[in-house]
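Q: Have a look at this one before I ask anything.
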Amino acid sequence: MDEENKMSIPFLFRCPISLDLFTDPVTLSTGQTYDRPSIEKWLAGGNSTCPVTMQRLPDFSAVPNHTLRQYIDRWLLRGVADHRNSQQGSGIPISLTILKTGLLSSETPLAAKLEALRKVRVLSTESDVGKSFLIQLDFFPVLVHLVFQCPLEIANLELVELALDCILRLSPSNNLNYLNVLKQDAAFSSLVVLLEHGSSKMKTFLCILIEAISTSTTTKELCSLLGQSQTVLHVLVSLLLQSKTNEQASDAAAAAMAGICTSVESSRSDAIKEGAVEGLAEYLSTGVRRNASNALAAMEVLMGEENGRKAGVHVGAVRVMVKWVFRVSSKEEGSVRAVGALMAICRASSRARKEALAAGAVTQLLLLLQSQCGGTAKAKARALLKLLRSSWEEDNEM
Numbered sequence: 001m002d003e004e005n006k007m008s009i010p011f012l013f014r015c016p017i018s019l020d021l022f023t024d025p026v027t028l029s030t031g032q033t034y035d036r037p038s039i040e041k042w043l044a045g046g047n048s049t050c051p052v053t054m055q056r057l058p059d060f061s062a063v064p065n066h067t068l069r070q071y072i073d074r075w076l077l078r079g080v081a082d083h084r085n086s087q088q089g090s091g092i093p094i095s096l097t098i099l100k101t102g103l104l105s106s107e108t109p110l111a112a113k114l115e116a117l118r119k120v121r122v123l124s125t126e127s128d129v130g131k132s133f134l135i136q137l138d139f140f141p142v143l144v145h146l147v148f149q150c151p152l153e154i155a156n157l158e159l160v161e162l163a164l165d166c167i168l169r170l171s172p173s174n175n176l177n178y179l180n181v182l183k184q185d186a187a188f189s190s191l192v193v194l195l196e197h198g199s200s201k202m203k204t205f206l207c208i209l210i211e212a213i214s215t216s217t218t219t220k221e222l223c224s225l226l227g228q229s230q231t232v233l234h235v236l237v238s239l240l241l242q243s244k245t246n247e248q249a250s251d252a253a254a255a256a257m258a259g260i261c262t263s264v265e266s267s268r269s270d271a272i273k274e275g276a277v278e279g280l281a282e283y284l285s286t287g288v289r290r291n292a293s294n295a296l297a298a299m300e301v302l303m304g305e306e307n308g309r310k311a312g313v314h315v316g317a318v319r320v321m322v323k324w325v326f327r328v329s330s331k332e333e334g335s336v337r338a339v340g341a342l343m344a345i346c347r348a349s350s351r352a353r354k355e356a357l358a359a360g361a362v363t364q365l366l367l368l369l370q371s372q373c374g375g376t377a378k379a380k381a382r383a384l385l386k387l388l389r390s391s392w393e394e395d396n397e398m
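Start counting the sequence shown at 1; every next residue gets the next number (full-length UniProt numbering).
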């Protein structure tokens, strides 16, 4: 958030940790108030003190600050935000309550709903204050309803795509509890149909949403449902295989596949059957990729499955992963994942060991060991180097 927007929010209405407008203010035993997501993240990190006073907390209880929430709500409801429409170049007064009412009403014409969503997108993009208004006034569940809880036969694809865009701009990671409505059969079916038959942009948006769902215990059951859906897995694989022609969608699919496979163990076998190993190998073979670390994380857990290792050998994934052992431009996490995946497959397959040696794995591992990588990466690199060296010596003795 830039300094101008921070100063637009009254000081007492901002969380001391995030410096953003409170969404769920709670008070600790020290009397200090924080936004619930921020203080929960602080405590989950192993901290046992109050961030402001640094006093040790006798307990971790957090009491909702209803009074402060009421003051914030009154402030928001009085606000009529004026934001500049980038296309028309004129200031447009926007009543958020009117926008929300219009989006909820079945009598609102489609053109009016589309215009309302465009204004929501502007608000959520141009100003953190406007974004805070939208979140506080519960626009997120309204948008979720528009996308997933309206009958598909009457849904307008332009409206769905625009509403999905707005959902992502309103930080789904902070509103994941609202996404649990997708556990309902009708809403889940809508998600699957949109993912399978929607536009390329819509599929990209949904993949980003799936990644967010996979990162939280709040939506653990929903993530399991996604991992059990063959259609979802099939679409993700098909997007990975389009990595040369549809970069944005394949990047989003890589993160979504990694989220499902690393979070839902029971999904891995089905993902392999749907071609996940081949899809990930194709994605990783097309140069520097934005979500390479995610793809390598998925590959590592899939190599932990017997069928995954067989698929890896069959599609030539070993050579691809060797190239990711050491890359100057990549994150160390990617190297750790690549070495871990190679260790899993090479330990179980002599053919994989030969392919790794032929692909230059020894050189890559030595370069990694000589770099400034951390202890975990070096320990894994040494273990794999030892395994490959033993294999090489055995072959030479024969």
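Backbone N, C-alpha and C define an ideal beta-carbon position, used for all residues, glycine too.
1. Name the DSSP bridge partner or partners of L195?
2. Tell me which residue opens and which closes the alpha helix (DSSP H) that T204 is part of.
3. Could you tell me the alpha carbon to alpha carbon distance between C261 and G45, rounded to whole angstroms?
4. Helix, strand or coil for V325? Go by DSSP, reduced to three states.
5. Can you give, in chain order, each stretch of the alpha helix (DSSP H) that sits fully within the segment 261-335 and has at least 4 residues?
6. How many whole angstroms separate the CB atoms of A254 and A295, which I take to be in contact at a CB cut-off of 8 Å?
7. Out of E306, G375, H314, which has the shortest C-alpha to C-alpha gap to S335?
8. I'd like to know whether the C-beta atoms of S48 and I17 end up nearer to each other than 8 Å.
9. According to DSSP, is V144 part of a helix, a strand, or is it coil?
10. Go through its chain and collect everything with a Cβ distance to A377's Cβ below 8 Å, but skip five positions before and after it.
11. Please name the residue, chosen from P10, M54, I135, L104, that lies closest to D24 on a Cα-to-Cα basis.
12. For D165, report the span of its alpha helix (DSSP H) as first-last.
13. Alpha carbon to alpha carbon, how far is I98 from L110? Give it in angstroms, no decimals.
14. With a Cβ-Cβ cutoff of 8 Å, do V181 and F148 count as a contact?
15. Report the start-end ranges of each beta strand (DSSP E) in the UniProt domain "U-box" (8-82) that is 3 residues or longer and not cut off at the edges.
16. Taking just the CA atoms, how far does Q32 sit from I272?
17. Give the DSSP-derived three-state secondary structure of P172 in the structure shown.
18. Could you confirm whether any beta carbon from chain C is found closer than 8 Å to the beta carbon of A187?
19. Skipping 5 residues on each side, what residues in its chain have a beta carbon closer than 6 Å to that of L241?
20. Under the assumption that S199 contacts L157 (Cβ atoms under 8 Å), give the Cβ distance between them as a whole number of angstroms.
21. What number of angstroms, rounded off, separates the C-alpha of Y178 from the C-alpha of S214?
22. Tell me which same chain residues have a C-beta within less than 6 Å of the C-beta of T252, skipping the five on either side of it?
23. Give the straight-line distance between the Cα atoms of K41 and T30, rounded to the nearest whole angstrom.
24. Please check the pair L164 and K113, which I expect to be a contact at CB under 8 Å, by giving their CB distance rounded to whole angstroms.
A: Looking at the coordinates:
1. The residue labelled residue 195 in the question sits at position 195 within the sequence shown. Per DSSP, none; premise fails for L195.
2. Start at 1 with the first residue of the sequence shown, and residue 204 comes out as number 204. DSSP places T204 in the uninterrupted alpha helix (DSSP H) bounded by 200-214.
3. By one-based count along the sequence shown, residue 261 stands at place 261. By one-based count along the sequence shown, residue 45 stands at place 45. Straight-line Cα distance between these residues: approximately 24 Å.
4. Counted from its first residue, the sequence shown places residue 325 at position 325. Residue state, collapsed to three classes: coil.
5. Annotation note: the segment 261-335 contains the following uninterrupted alpha helix (DSSP H) runs of length 4 or greater, listed N- to C-terminal: 268-273, 276-284, 292-302, 306-314, 317-323.
6. Against the sequence shown, residue 254 aligns to sequence position 254. Against the sequence shown, residue 295 aligns to sequence position 295. Right, their Cβ atoms sit about 4 Å apart.
7. Here the question's residue 335 lines up with position 335 in the sequence shown. Distances from the CA of S335 to each of E306, G375, H314 were compared; the closest alpha carbon is that of G375.
8. Numbered from 1 along the sequence shown, position 48 holds the residue referred to as residue 48. Numbered from 1 along the sequence shown, position 17 holds the residue referred to as residue 17. In this structure, I17 does not lie closer than 8 Å to S48 by Cβ.
9. To locate residue 144, count along the sequence shown from 1; it is residue 144. Here DSSP, grouped into helix, strand and coil, assigns V144 to helix.
10. Position 377 of the sequence shown, counted from the start, is the residue given in the question as residue 377. Excluding sequence neighbours, A377 sits near E332, S335, V336, V339, L368.
11. Locating residue 24 in the sequence shown gives position 24, where the first residue counts as 1. Checked all of P10, M54, I135, L104; the closest Cα to D24 is I135.
12. Position 165 of the sequence shown holds residue 165. Segment 157-169, the alpha helix (DSSP H) holding D165.
13. Here the question's residue 110 lines up with position 110 in the sequence shown. Here the question's residue 98 lines up with position 98 in the sequence shown. Put simply, the backbone Cα of L110 is about 15 Å away from that of I98.
14. On the sequence shown, residue 181 is found 181 positions in, with the first residue counted as 1. On the sequence shown, residue 148 is found 148 positions in, with the first residue counted as 1. Yes, these two residues count as a Cβ contact at 8 Å.
15. 25-27, 33-35, all fully within the UniProt domain "U-box" (8-82).
16. Taking the first residue of the sequence shown as position 1, residue 272 is located at position 272. Taking the first residue of the sequence shown as position 1, residue 32 is located at position 32. The straight-line gap from Cα to Cα measures roughly 49 Å.
17. Working through the sequence shown from its first residue, we reach residue 172 at position 172. Helix, per DSSP.
18. Absent from the structure: chain C. Only one protein chain is present.
19. Here residue 241 is taken as the residue at index 241 of the sequence shown, counted from 1. Result list for L241: G279, E282, in chain order.
20. Locating residue 199 in the sequence shown gives position 199, counting from the first residue. Locating residue 157 in the sequence shown gives position 157, counting from the first residue. Yes, S199 and L157 are in contact; Cβ-Cβ is about 7 Å, under 8 Å.
21. The residue you call residue 178 lines up with position 178 of the sequence shown. The residue you call residue 214 lines up with position 214 of the sequence shown. Within the model, the alpha-carbon separation for Y178 versus S214 is close to 14 Å.
22. Along the sequence shown, one-based indexing puts residue 252 at 252. Looking at the sequence shown, residue 252 is not Thr but Ala. Closer than 6 Å at the Cβ level, and outside the excluded window around A252, lie T204, C207, I208.
23. Counting from one through the sequence shown, the residue named residue 41 turns up at place 41. Counting from one through the sequence shown, the residue named residue 30 turns up at place 30. Taking the straight line joining both Cα atoms gives about 18 Å.
24. For the purposes of this step, residue 164 is identified with residue 164 of the sequence shown, where counting begins at 1. For the purposes of this step, residue 113 is identified with residue 113 of the sequence shown, where counting begins at 1. Taking the Cβ atoms as the reference, L164 lies roughly 14 Å from K113, outside the contact range of under 8 Å.
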